[in-house]
């Protein structure tokens, strides 16, 4: 029988499948900024058009 903790230990750098360039951070930032701008435009246009 093998112990519960028998397993292969691999360093973090060796176990990663790819690189992390950080592009996700920029995509999220740009998406949030565009969403805020779009919602602000809808709010401003509706506020101007209301009687």
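In my numbering, the protein residues as written are 16 to 66.
From the three backbone atoms N, C-alpha and C, an ideal C-beta is built for every residue, glycine too.
When you compare only the Cα positions, how much space is there between residue i and residue j?
{"i": "residue 61", "j": "residue 27", "result": "52 Å"}
{"i": "residue 59", "j": "residue 52", "result": "10 Å"}
{"i": "residue 54", "j": "residue 48", "result": "10 Å"}
{"i": "residue 36", "j": "residue 66", "result": "50 Å"}
{"i": "residue 30", "j": "residue 56", "result": "46 Å"}
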